[in-house]
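Trainee: There's a structure below that I have some questions on.
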DNA sequence: GGATAACCGAGACGGTACGTCCGGTCTTACC
DNA sequence: GGTAAGACCGGACGTACCGTCTCGGTTATCC
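Encoded structure:
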């Protein structure tokens, strides 16, 4: 099994699976309850009924614990990254996906831990790299694939830089979320429409 | 002059201006040197040659200090918000502005303190509100005004929601910066072009 | 007017008598309420409705304030030191006096401030000296005089060292008080009897 | 072995003996150097090379630390309370003992820490109780025993209250010490003589 | 199936920083 | 010019966690 950010040195085979999942669950609970800044390794250990050393043995920081917790949260269904819906109508598909994303961010467990992870990434380049490769990367692949499909179908410009295109659609939502701006279905719909149609006025 | 996030309770008239600026300068220096997580109130006080109480008297947290420090940094020139260049060619103007923004983020003092502030905002709704009103708001006004001018000149669609339009252009840059992605002039140019032209393929 | 331990530098004539007595009263109240270790100059100033500087201007420490407060407490009646009763029966007179002393120590104002003063004296030789000259000295004179009178009347040995004699009678009470031992009329009576008669068995 | 004033809650078995003795030694050194009022927990921790929490884990206050330090100082020889010399001549024996006591109080380590302890006892009834049971009690037993022996030998009155007798002899010394009066061998000899013979004049 | 090595809970340890309280000095405005 | 008010620098308080460490007590493979 893949493991997120665990240290490799100790003998992973001997690892107590119960402790591991108790720690990840405690971390998610606590971050939702008290917020990331007040999340402490000691608190996680106490809540999980685990010695502090058991955490430090496997993770270098509370951020790494939370990272694995988020990974586990995402992997629960089947372990497959899945793909975005493709009905042939890109605008409609994107609107559905973004509405779902916005709804997901209403779950305080998810919101709090994502917020925490984003925070940690801002100050920890190594964690940022792991995030890019293990969490954001696969998601981004999925998004890019949907756009590429639309491109092949002639819905999108042939000369489009898909990296930029992905950002154009998803960054406004992420940015508004991170700044606690109002995040509604109306807003995400408007973003999709504007991104696809462009800001520029059409002549004639 | 208005002041950023100082508590209003104590008698602001009696305030020692020298201590205030020493504290703000020390905060900026330290956050650039050791990063936000290792920035401490104690450290700021020591560097500024000030008692800890003098900080706690006027600010509730290290985040608030940094907020005021950033405000002071921005106000240095003249206190006027200024406006974006307007040559009549929106795409060109935006490219110039975004290239300048990217360059500004290369200054470690600015980068580190903005990163710190973004972090704090993620977990402190009250600070987020102050940020929106005192720092981001004025900047956003300036951006919206430039777009409105282009709209009036017929460069942009008449039915455009300018809030969405602002996000479409600036959010990708902010998002990539916060995730430590590569932030080049080529990228910002591509964002401007894609946002203005739209992702959708033109028929005929 | 005598003043206990006030600094002499400032112009005492301009002194605000109301502030002075408010400070002394506040000190006595507070020491009885919260105990000496938690008595603070700031607290006294607040209770007395006085600026801190007004205290520091006239007294060097909270101990000195309390010292003056005790002096004022003792001087209230007439300012005269008075003398011990002298009925011609030393034992009876002493028992009356000591019972009165024990009763006085039941007043928490008096008990707490005396306890505080004793404490301060233990660590501050200068204050100890002032205490010996201004508070304990006069009292001791009075005690010694009563014993000298008994000596002249033939009740006490002619070769007696009266300093030792005073200690023999009063030190046990003071010592037991300071160690919070049980302080009863029975005990003080027993001390008087034992001190006068001596511990040694009489022969024949 | 019993221990002085340590809190019982934490697991005493896991206690680091080196830290404990380093703390006690540091406390004795510091109180002799800077005096009790300037003795700080922080200072003790620094001098002992110990974290502050290690002190707060086991003692509730600097006074309690000093108490244990004094206990340890007293227990060094053998842990036995010992007894007072008994040559059959009570007066001579007492004079020897009191001269030794006075000399002991010349050691600034002992003087300063005893002074500190006395101070703390004045304001902390619980500490006073511990003192009475663990330090003063055993000493007092020893003194009472010596007097009882003299009583049995016919040197002292048969009807004597030994508690009062102990105070009559030792309280004057303790009291004079606490008030920083002159404490000489001549004085202690005079106290013994006066206490044994009594103040009252013997009739021809 | 007994040895042995790692994990595990618990928690003491040396530290750092917290946010508060107060000491003693200095400044300002009022009277 | 004395006073009430209170900001200021400094420093100790007692607490919370950090990350390391040591202690017995379970596992759980490997001889």
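Residue numbers (our numbering), protein chains in the order written: chain A, 4 to 207; chain B, 4 to 207; chain C, 4 to 207; chain D, 4 to 207.
For each residue, glycine too, the CB sits at the ideal point set by N, CA and C.
Please read these numbers as outputs of a predicted model, since none were measured by experiment.
(1) What does residue 158/A reach in chain B if we use C-beta pairs closer than 8 Å?
(2) Considering only residues of the same chain and omitting the five flanking positions on each side of residue 158/D, which have a CB-CB separation below 7 Å?
(3) Taking Cβ to Cβ, would you say residue 126/C is nearer than 8 Å to residue 38/D?
(4) Helix or strand or just coil, what does DSSP make of residue 159/B?
(5) State whether the stretch 100 to 108 of chain B contacts the stretch 10 to 29 of chain B, with contact taken as three or more CB pairs (one from each stretch) at a distance under 8 Å.
(6) Does the stretch 126 to 136 of chain A come close enough to the stretch 34 to 52 of chain A to have 3 or more Cβ pairs within less than 8 Å?
(7) Would you say residue 59/D lies against chain C (beta-carbon separation less than 8 Å)?
(8) Using a beta-carbon distance below 8 Å, is residue 38/B in contact with chain A?
(9) Judging by CA-CA distance, which residue of 61/B, 188/B, 122/B is the nearest neighbour of residue 181/B?
(10) Nearest-angstrom Cα distance between residue 90/D and residue 171/D?
(11) At the level of alpha carbons, what is the spacing between residue 193/A and residue 73/A?
(12) Flag residue 88/B as yes if its beta-carbon sits less than 8 Å from any beta-carbon of chain A, otherwise no.
(13) For residue 70/C and residue 13/D, I'd like the C-alpha separation in whole angstroms.
(14) According to DSSP, which residues form a beta bridge with residue 137/C?
(15) Going by alpha carbons, who is nearest to residue 162/B out of 138/A, 205/A, 177/A?
(16) Whose C-beta lies closer than 7 Å to the C-beta of residue 34/A among residues of the same chain, with five residues either side of it excluded?
(17) Please state if the CB of residue 202/D and the CB of residue 177/C are separated by a distance shorter than 8 Å.
(18) For a cutoff of 8 Å on Cβ pairs, would you count residue 35/C as touching chain D?
(19) Identify, in the order they occur along the chain, each residue of the same chain with its Cβ nearer than 8 Å to the Cβ of residue 77/A, setting aside the five sequence neighbours on each side.
(20) By alpha-carbon positions, which one of 40/D, 65/D, 75/D, 110/D ends up nearest to residue 20/D?
(21) Check each candidate in 143/B, 95/B, 167/B and name the one with the smallest Cα separation from residue 196/B.
(22) Report all residues from its chain with a CB closer than 7 Å to the CB of residue 87/B; omit the five preceding and five following residues, and keep chain order.
(23) List the residues of chain B whose Cβ lies closer than 8 Å to the Cβ of residue 187/A, in chain order.
(24) With distances taken from CA atoms, which of 54/C, 53/C, 44/C, 52/C is nearest residue 67/C?
(25) With H, G and I counted as helix, E and B as strand and the rest as coil, what does DSSP make of residue 203/A?
(26) Run through DSSP, which three-state label would residue 194/A get?
(27) At a CB-CB cut-off below 8 Å, which residues of chain B make contact with residue 177/A?
(28) Give me the Cβ distance between residue 136/A and residue 169/A, rounded to the nearest whole Å; I'm assuming they're in contact under 8 Å.
(29) Count the other CB atoms within 10 Å of the CB of residue 59/D; is the residue buried (16 or more) or exposed (fewer)?
(30) Could you pull out every residue in the same chain whose Cβ sits closer than 7 Å to the Cβ of residue 53/A, ignoring the five residues on either side in sequence?
(31) Look at the alpha carbon of residue 175/C and the alpha carbon of residue 134/C, and state the distance between them as a whole number of angstroms.
(32) Please list the partners that residue 167/A has in chain B, where partner means a Cβ-to-Cβ separation under 8 Å.
Mentor: This is what the structure holds:
(1) For this step, residue 158/A is matched to residue 155 along the first chain. In chain order: 203, 204.
(2) Your numbering for residue 158/D matches position 155 in the fourth chain. Setting aside the 5 residues that flank it on each side, residue 158/D is surrounded in the same chain by 93, each with a C-beta closer than 7 Å to its C-beta; the list follows chain order.
(3) For this step, residue 126/C is matched to residue 123 along the third chain. For this step, residue 38/D is matched to residue 35 along the fourth chain. Against a cut-off of 8 Å, the Cβ pair of residue 38/D and residue 126/C comes out as a contact.
(4) Indexing the second chain from 1 puts residue 159/B at position 156. Strand.
(5) no
(6) no
(7) Translated into positions along the fourth chain, residue 59/D becomes position 56. No, residue 59/D does not count as interfacial toward chain C.
(8) Residue mapping note: residue 38/B aligns to position 35 of the second chain, counting from 1. Closer than 8 Å: yes.
(9) The count along the second chain starts at 1 and reaches residue 181/B at position 178. The residue with the shortest Cα to Cα distance from residue 181/B is 122/B.
(10) Here residue 90/D refers to the residue found at position 87 when the fourth chain is read from its first residue. Here residue 171/D refers to the residue found at position 168 when the fourth chain is read from its first residue. Rounded to the nearest angstrom, the two C-alpha atoms are 21 Å apart.
(11) Looking up residue 193/A in the first chain gives position 190. Looking up residue 73/A in the first chain gives position 70. Rounded to whole angstroms, residue 193/A to residue 73/A spans 29 Å at the Cα level.
(12) For this step, residue 88/B is matched to residue 85 along the second chain. Not one chain A Cβ lies under 8 Å of residue 88/B.
(13) The residue given as residue 70/C occupies position 67 in the third chain. The residue given as residue 13/D occupies position 10 in the fourth chain. Taking the straight line from one Cα to the other gives about 42 Å.
(14) One-based indexing of the third chain puts residue 137/C at position 134. When DSSP reads this structure, residue 137/C sits in no beta bridge, so it has no partner.
(15) Counting from 1 along the second chain, the entry for residue 162/B is found at position 159. For residue 162/B, the nearest C-alpha among the options comes from 205/A.
(16) Stepping through the first chain from its first residue, residue 34/A is reached at position 31. 42, 69, 115, 116, 119.
(17) To locate residue 177/C, count along the third chain from 1; it is residue 174. To locate residue 202/D, count along the fourth chain from 1; it is residue 199. Their beta carbons are not under 8 Å apart, which means residue 177/C does not touch residue 202/D by this criterion.
(18) On the third chain, residue 35/C is found 32 positions in, with the first residue counted as 1. So, not an interface residue.
(19) Taking the first residue of the first chain as position 1, residue 77/A is located at position 74. Excluding sequence neighbours, residue 77/A sits near 138.
(20) Against the fourth chain, residue 20/D aligns to sequence position 17. When the alpha-carbon of residue 20/D is set against those of 40/D, 65/D, 75/D, 110/D, the nearest one is in 75/D.
(21) For the purposes of this step, residue 196/B is taken as the residue at position 193 of the second chain. Per the Cα distances, 95/B.
(22) As a first step, residue 87/B must be located in the second chain, where it is residue number 84. Result list for residue 87/B: 96, 100, 145, 146, 149, in chain order.
(23) As a first step, residue 187/A must be located in the first chain, where it is residue number 184. The premise fails here: residue 187/A is roughly 12 Å from chain B at the closest Cβ pair, so nothing lies under 8 Å.
(24) Taking the first residue of the third chain as position 1, residue 67/C is located at position 64. Considering only alpha carbons, the answer is 44/C.
(25) On the first chain, residue 203/A is found 200 positions in, with the first residue counted as 1. Assigned with DSSP and collapsed to three states, residue 203/A falls in strand.
(26) Position 191 of the first chain, counted from the start, is the residue given in the question as residue 194/A. Residue state, collapsed to three classes: helix.
(27) Locating residue 177/A in the first chain gives position 174, counting from the first residue. Here the neighbours are 174, 178.
(28) The sequence position of residue 136/A within the first chain is 133, counting from 1. The sequence position of residue 169/A within the first chain is 166, counting from 1. The pair is not a contact, with the Cβ atoms about 16 Å apart (cut-off 8 Å).
(29) Along the fourth chain, read from residue 1 onward, the residue named residue 59/D stands at position 56. So residue 59/D ends up on the exposed side.
(30) In the first chain, residue 53/A corresponds to position 50, counting from 1. 22, 25, 26.
(31) As a first step, residue 175/C is located in the third chain; it is residue number 172 there, counting from the start. As a first step, residue 134/C is located in the third chain; it is residue number 131 there, counting from the start. Cα to Cα, residue 175/C sits roughly 20 Å from residue 134/C.
(32) To locate residue 167/A, count along the first chain from 1; it is residue 164. Chain B residues near residue 167/A: 175, 190, 193, 194, 197.
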